[in-house]
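Peer 1: Structure provided below as structure tokens; questions to follow.
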Amino acid sequence: MAIPVVYSLAVQYPQHEITVLSRTVWQPLFQELPPNVHFIGADPTGRHKGWWGLNSFMPN
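At position 35 of the sequence shown (counting the first as 1) the number is 34 in numbering that gives the first Met the number 0, and the numbers step up by one without a gap.
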């Protein structure tokens, strides 16, 4: 359900960069989106588990 929304947003605002953070297994669904959409894969049951794991995505 989120993919059509992200697609519409990316097409309507091509000057903006959109980053999607989701489980790595969903990455193939986001490959056909416009070039201003970027995907970051997360492993919420492993490396990115809990607050400290998700905090690893934040810039220093």
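All C-beta atoms in this analysis are idealised placements derived from N, C-alpha and C, irrespective of residue type, glycine included.
Judging by CA-CA distance, which residue of S21, L8 and L32 is the nearest neighbour of P43?
Peer 2: The option with the nearest alpha carbon to P43 is S21.
Peer 1: Any chance you could list the alpha helix (DSSP H) runs of at least 4 consecutive residues sitting entirely within the stretch 18 to 47, in chain order?
Peer 2: As far as the stretch 18 to 47 is concerned, it has no whole alpha helix (DSSP H) run of at least 4 residues.
Peer 1: Can you check which of these residues, G45, F29 and I17, is closest to M0 by C-alpha distance?
Peer 2: The option with the nearest alpha carbon to M0 is F29.
Peer 1: How is P13 classed by DSSP in three states: helix, strand or coil?
Peer 2: The answer is coil: DSSP assigns P13 none of H, G, I, E or B.
Peer 1: Evaluate H47 with the Cβ neighbour count: other Cβ atoms within 10 Å of its Cβ, from every protein chain shown; 16 or more gives buried, anything less gives exposed.
Peer 2: The residue in question, H47, is buried, as its Cβ has 16 or more Cβ neighbours within 10 Å.
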